Every structure is written in structure tokens, then in C-alpha cells.
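Encoded as C-alpha cells, the structure appears first; notes follow it.
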Amino acid sequence: MVSSTGARVLEETTTRIEGEYAARTPQSRAVMEEARKYLPGGDTRRSIFFFPYPIWIAHADGCHVFDEDENDYLDFHNCYTTMVLGHGNPGVKAAMKEQLDQGTTALGAFKKTIVEWAHILCDRVESVDQVRFTCTGTEAVMMALRAARAWTGKDKIVMEYGGYHGAYDAVVFPPDATGLPQSLMANTILVPYNDKEALERTLQAHKGEVAALVLEGLMGAAGMVPAKDDYLKFARKVCSEHEVIFILDEIISFRLDYGGLQHLEAIKPDLTTFGKIMAGGTPSAAFGGRHELMQLYSPDNQVLHHAGTLNANPLSAAAGVAQMKQLTPELIARINSLGELLAHGMRNAFREAEIKGQVTGMGSLCNVHFGPVPVVDGYTARETTNKDVLHLFHLSLINRGILTPERAMFCISSPMTESDIQTTIEVVRDVVDELKPCIEKVWPELRGVV
């Protein structure tokens, strides 16, 4: 409960920071007002909306984006981890231009570039014998789950509490959200991430009923919460014991290693979903895995049907091949190192200010949380972190030229340098210093170190 004095301080601080934001983004506000006439709430992608209104981008280059007012931002958003090579990568642009000269996205037949794209994914990821391409990560997850249900003849799905696997009804969190059929509650079972006992207990309680366990390699939407204490290895083990298909969602975590997070964890899921970095900034995703499971989708067998107007379109294939060829082990190691440097610097800033800010993540991905207890799963990320502080922190970063999503995720792209990281650490220190008096007066429980 915030005291009356605390409420006044919060209102004053919020008004000041939002006022500064409004003063530097009048053109974004004007576009937003026009957008509200034709888009509900001026929005068509909730994950990039934030209050009082989001910035509207005019153009981007490298690791920088420029809004409608020509404010320059160092881009740690990277379209939620997608733009791993930054904006306007020359190799990706050249491949796309070449394909545009040969035909646009809808040809009604395949191009051999698709085979090369599939080969790259199968070659890099040991558990993947074959792949199929989709337009979105949502579709990839949906089709992987359909394969699991077809193979096992079972209906139930187990997933992590607070996980994000796209907009397919069966895996939307929470499963009782408005607009979802009540029947989902019977077939979607939630377990806490990183809790081995709860996972094993759940599979035992529903023995013979579960088609698949689907887990993120690290929980993205929850705030880059990594698996710990060999949780994913344990998940692989108990799925095998209970004859449950293990689906690893690597749509975000694939960037962490040449062979994905599963290579780092030394596990082989039955099926894997991919997206974000694999398509060069174009709207494509994929799912793949064991040969016998993927053969359910073969036209030769006619067990499962999967089609889509723009699936495996040649423009995405060209961009995807061009991007994946540049994602060498050396480049991945470099951006992971920069991410670790950033996380270390931000942790020091919170520690020195004696503010309970936390930084979770792995390698080139990290996320800031404000809360009195360590963030280790979807529950602690969702229920124990302070969203009001996060709002002020996020807008204060934007006011200083640092772009992140509203949840304060920091994602490294290859054009970034160590100098960019050091600059960002200093900006974070400045923001923490600015917010500290407000935090101490409004939320005294956030004083100290987690």
C-alpha cells in the first residue's frame, strides 16, 4: 500500500518523466492520434504498445533507429531479438534485392533457396532431421503440438506458468483469458518453470494423458528467465520416461549458440520451434525435429495437413539464408560477451545505488526487473515485480536515447560495440540515480540488494 505522500511523489515523478517524453516526441503523438481513427487504440501489435503512447519509427540503420521526430535511439529492442545483425545488413539487403528482381513473395511454387535454408537449420541443430516453414512462431508451435497429438493419440499439453508460445489458443497464458474456450482448462496444464518436482508430479498425475511438454529455452516474455540446475535436461529425461513429446521453443533462445540453447544444455528435444533470427527480419518461422515425427506432414503419408499462402516464401528464404550464413560461432560469442558485460554493469549500478533491481538472462539477452525476491520463474516475474518502477525506468531510458521494450529487455545486435555498452551502463546509472528518491519514498521495500 502506497502512502498518501508516496502517491503524490509518484504522480509528480510520472508527470515529469512522461512530460519530457511528450516534449521530445510530438510527431509520434500526432501519428498515434491519426492511427486511433483506423486501428483500435491506435494499435495492431500489443507487444510494442506502451503508455502514454509508443514512438513511431521513421527509419533504422545498424544498431540505431530514428523516430518521426528524428530522435536517435540505440536499439536494444531489435524487434524482440529478431534483428541480430542490426538494421539494413548489407548481405541481407543484397539477397533480398536479388530475389525481388526474380519475383516477390508469392510465386505459387518453391524455389531451391528453401532447400538451402532448411539444410542450414538441420545442419546446425543436432536434434532436427527435417523442418517445415511457417509464417509465425504461433503457427510453428501450433503445428508442432499437432504432430505431438497425432503421434501420441493424446490431448493434454503441459507448459510453463507465464510462458509465451504465441497466440495459439492451446498455449495462451493464462488459459482462462477472456475469449478462450473453457475446454482449454481441461487440456492445458501449467507447471512452474525450474521446478523439477512439480514437473515430475504433474506428468505422473496425468500419466498416459499428456501429448507434449512445451517449454521455452529461456522464458522470453516473462523477462529472460533462464533455466537453472539442469532443468531442461530433467525435462528431457521425464518426458522420455512418460512417453511425452518434448517440444523446446527456441524462437528466442536460438541466437545464444550456433546450435541453439539445446546445444549449450546438451539435450535433444523431439521437436523444436524456430523464429526471430532465422528469417533475416522477415515474417517467417519453422518447426523441426525427429524424422518420424516430421514425416507425419509428408504428402507421401497424408497424415497431417499443413499449408500457408506465404510459408517458405522466396523473399524470406533469401533473407534467412543470408542472415544465417553470417551467424558464425565467433559472431555469436562476441554478442554474448557484450550482453554479459551489459548485465554485469547494470547489476553493479543497482548494487551501488542500493536499489533492488535485478538483471536476468543469458549471453546476448538480458532483462531488468524491480522486486524484493529473485526472479526465477513466471510467477516471480509476473506477481512480485514492480511494474510502476519499470514504466518510469523504461521511459527514462527512451528519454536518454536507449530503446527497449516496455519490460526493459536488452538485446544485443552485431553492430554494437563495447563503447555502446559502456554508454548504456552510464545511462542506466543516471536513470537509477534519478529514480532513487522516488523509489525510496514510494516503495521502501525496494531499498537494498536482492
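The numbering used here puts the last residue of the sequence shown at 460; the count rises by one with no breaks.
Each residue gets a CB set at the ideal place from its N, CA and C atoms; glycine is no exception.
For clarity, every value in this text was computed on a predicted model and none was experimentally measured.
Run of the beta strand (DSSP E) containing residue i, from where it starts to where it stops
{"i": "V369", "result": "367 to 372"}
{"i": "K166", "result": "166 to 170"}
{"i": "I257", "result": "255 to 259"}
{"i": "D440", "result": "It is not in any beta strand (DSSP E) - D440 instead sits in the alpha helix (DSSP H) that spans 428 to 452."}
{"i": "A343", "result": "Segment 339 to 363 is the alpha helix (DSSP H) holding A343; no beta strand (DSSP E) there."}
{"i": "L225", "result": "220 to 226"}
Limits of the alpha helix (DSSP H) - the one that residue i falls within
{"i": "E126", "result": "123 to 134"}
{"i": "T283", "result": "Taken as a continuous stretch (DSSP letters only), T283 belongs to no alpha helix (DSSP H), being part of the beta strand (DSSP E) at 281 to 284."}
{"i": "Y389", "result": "388 to 393"}
{"i": "R211", "result": "206 to 215"}
{"i": "Q333", "result": "324 to 336"}
Proximity test, Cβ basis, 8 Å: residue i and chain B
{"i": "Y63", "result": "Looking for chain B here will not work: only one protein chain is present."}
C-beta atoms of residue i and residue j nearer than 8 Å
{"i": "I262", "j": "E226", "result": "yes"}
{"i": "V383", "j": "A391", "result": "no"}
{"i": "A158", "j": "A245", "result": "no"}
{"i": "L314", "j": "A160", "result": "yes"}
{"i": "L8", "j": "I431", "result": "Outside the shown range of the chain, which is 11 to 460, sits residue 8, and nothing can be said about it."}
{"i": "Q333", "j": "V102", "result": "yes"}
{"i": "K366", "j": "L266", "result": "no"}
{"i": "A289", "j": "A329", "result": "yes"}
{"i": "F76", "j": "H87", "result": "no"}
{"i": "S294", "j": "F143", "result": "yes"}
{"i": "G96", "j": "S326", "result": "no"}
{"i": "T148", "j": "A187", "result": "no"}
{"i": "G411", "j": "Y83", "result": "yes"}
{"i": "E78", "j": "S38", "result": "yes"}
Sheet register partners of residue i (DSSP bridge)
{"i": "C376", "result": "G371, F420"}
{"i": "D85", "result": "L413"}
{"i": "T144", "result": "A295"}
{"i": "F70", "result": "It should be pointed out that residue 70 corresponds to Ala in this sequence rather than to Phe. Partner(s): V75."}
{"i": "V201", "result": "E170"}
{"i": "R457", "result": "I365"}
{"i": "M229", "result": "V235"}
{"i": "H97", "result": "G72"}
Local conformation of residue i per DSSP, three classes
{"i": "Q109", "result": "helix"}
{"i": "A177", "result": "coil"}
{"i": "M153", "result": "helix"}
{"i": "G51", "result": "helix"}
{"i": "H252", "result": "coil"}
{"i": "L194", "result": "helix"}
{"i": "H273", "result": "helix"}
{"i": "P36", "result": "helix"}
{"i": "H401", "result": "helix"}
{"i": "M234", "result": "coil"}
{"i": "H316", "result": "coil"}
{"i": "S308", "result": "coil"}
{"i": "L117", "result": "coil"}
{"i": "T188", "result": "coil"}
{"i": "Y31", "result": "helix"}
{"i": "T25", "result": "helix"}
{"i": "Y241", "result": "helix"}
{"i": "M11", "result": "coil"}
{"i": "V41", "result": "helix"}
{"i": "F264", "result": "helix"}
{"i": "Y63", "result": "coil"}
{"i": "K278", "result": "coil"}
{"i": "Q80", "result": "Per the sequence shown, the amino acid found at residue 80 is Glu instead of Gln. Coil at E80, not helix or strand."}
{"i": "S137", "result": "coil"}
{"i": "T91", "result": "helix"}
Per-residue burial, residue i [other beta carbons within 10 Å of its own, 16 or more giving buried]
{"i": "L271", "result": "buried"}
{"i": "A322", "result": "buried"}
{"i": "D71", "result": "exposed"}
{"i": "F120", "result": "exposed"}
{"i": "L110", "result": "exposed"}
{"i": "R56", "result": "exposed"}
{"i": "Y171", "result": "buried"}
{"i": "M11", "result": "exposed"}
{"i": "T427", "result": "exposed"}
{"i": "V125", "result": "exposed"}
{"i": "K397", "result": "exposed"}
{"i": "V438", "result": "buried"}
{"i": "K164", "result": "buried"}
{"i": "Y48", "result": "exposed"}
{"i": "S193", "result": "exposed"}
{"i": "T123", "result": "buried"}
{"i": "L117", "result": "exposed"}
{"i": "A128", "result": "buried"}
{"i": "M195", "result": "exposed"}
Heavy atom of the ligand SAH within 7 Å of residue i beta-carbon
{"i": "T146", "result": "Annotation note on the ligand SAH: not contained in the displayed structure, which lists no ligands."}
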